[in-house]
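Visitor:
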Amino acid sequence: MKLGAIRKLLSVDIETLQKAEEDLAEERALSIEVEGDDEGEKLTHIFGAIWIKEQVASGAMDEKSALRAFTQKVRNSIS
Numbered sequence: 000m001k002l003g004a005i006r007k008l009l010s011v012d013i014e015t016l017q018k019a020e021e022d023l024a025e026e027r028a029l030s031i032e033v034e035g036d037d038e039g040e041k042l043t044h045i046f047g048a049i050w051i052k053e054q055v056a057s058g059a060m061d062e063k064s065a066l067r068a069f070t071q072k073v074r075n076s077i078s
């Protein structure tokens, strides 16, 4: 997981991110550039950007706090 890759995706609207998620799952070419070493890492970046945007849109967190919370969720899931 690369924070810079997630930050870049935060400038993309959520509908486009959801389409990219679907395209990746269906092994179709992505309409946006997503950084990552493999499909799993790209998917993590897309999931992260979607989750962060949803948190910000709901007013639950600001972008910086949501990014920090997402990275903590990922760390907890792999430890």
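Residue numbers (numbering that gives the first Met the number 0): 0 to 78. All C-beta atoms, glycine included, are put in the ideal place defined by N, C-alpha and C.
1) Report yes if the CB atom of LEU9 is closer than 8 Å to the CB atom of ALA19, and no otherwise.
2) For GLU38, collect the residues of the same chain with a Cβ closer than 7 Å to its Cβ; drop the 5 residues on either side in sequence, then sort them by chain order.
3) CA-CA distance, ASP36 and ILE5?
4) Checking contacts by CB at 8 Å: is LEU9 closer than that to chain D?
5) Measuring only the C-alpha atoms, how far is GLU64 from GLN71?
Guide: The short version:
1) no
2) LEU23
3) 13 Å
4) In the displayed structure, chain D is absent; only one protein chain is listed.
5) The question names Glu, but residue 64 in the sequence shown is Ser. Their backbone Cα atoms lie some 11 Å apart in a straight line.
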